[in-house]
Ligand SMILES: [Zn+2]
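In our numbering, the protein residues as written are 10 to 164.
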């Protein structure tokens, strides 16, 4: 133990200049909160279509809505119902007023169906009427990746 301290003192005294700290997690040796965040954060598995959701061409509010939908945390009546709070659900998107859940608002409701139908025609993609929102988005993602023309439009 004494020998170790002796060696450290000799090494330190033989070099000119002052000691300074080096942050090993950045290329330039300087500490930054960004590099510290990279050290402590927990990375979850990459979502296959995350790059589409967070694409620069998509407005932020749409990206946030899609991200919330992916993790089923959109503010819909169904979430309140699942928390055990009794609620009578009636959507604002249909003339008859359906039960408001994620799939109804984003895929199967009257307005959502019209939007999907219009986008399907414009982009030459199949309209998967009646299918769940996630199924439709994943299908479109797979299809667009394989089809260069549609992929260029969406990507
Ligand atoms: Zn509706």
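Using N, Cα and C, we set each Cβ at its ideal position, and we do this for glycine too.
| Query | Result |
| --- | --- |
| Nearest candidate by alpha-carbon position, reference residue 40, set 46, 47 and 32 | 32 |
| Residue nearest to residue 129 in terms of C-alpha spacing, selected from 12, 119, 94 and 145 | 145 |
| Rounded straight-line distance, which links the Cα of residue 143 to that of residue 79 | 7 angstroms |
| Residue 127 classed as buried or exposed, judged by whether at least 16 other C-beta atoms fall within 10 angstroms | exposed |
| Residue 84 versus residue 60: straight-line alpha-carbon distance, rounded | 24 angstroms |
| Distance between residue 107 and residue 121 (C-alpha atoms, nearest Å) | 13 angstroms |
| Spatial distance of residue 69 from residue 16 (CA atoms) | 57 angstroms |
| Local conformation of residue 109 per DSSP, three classes | coil |
| Separation of residue 102 from residue 34, as counted between CA atoms | 51 angstroms |
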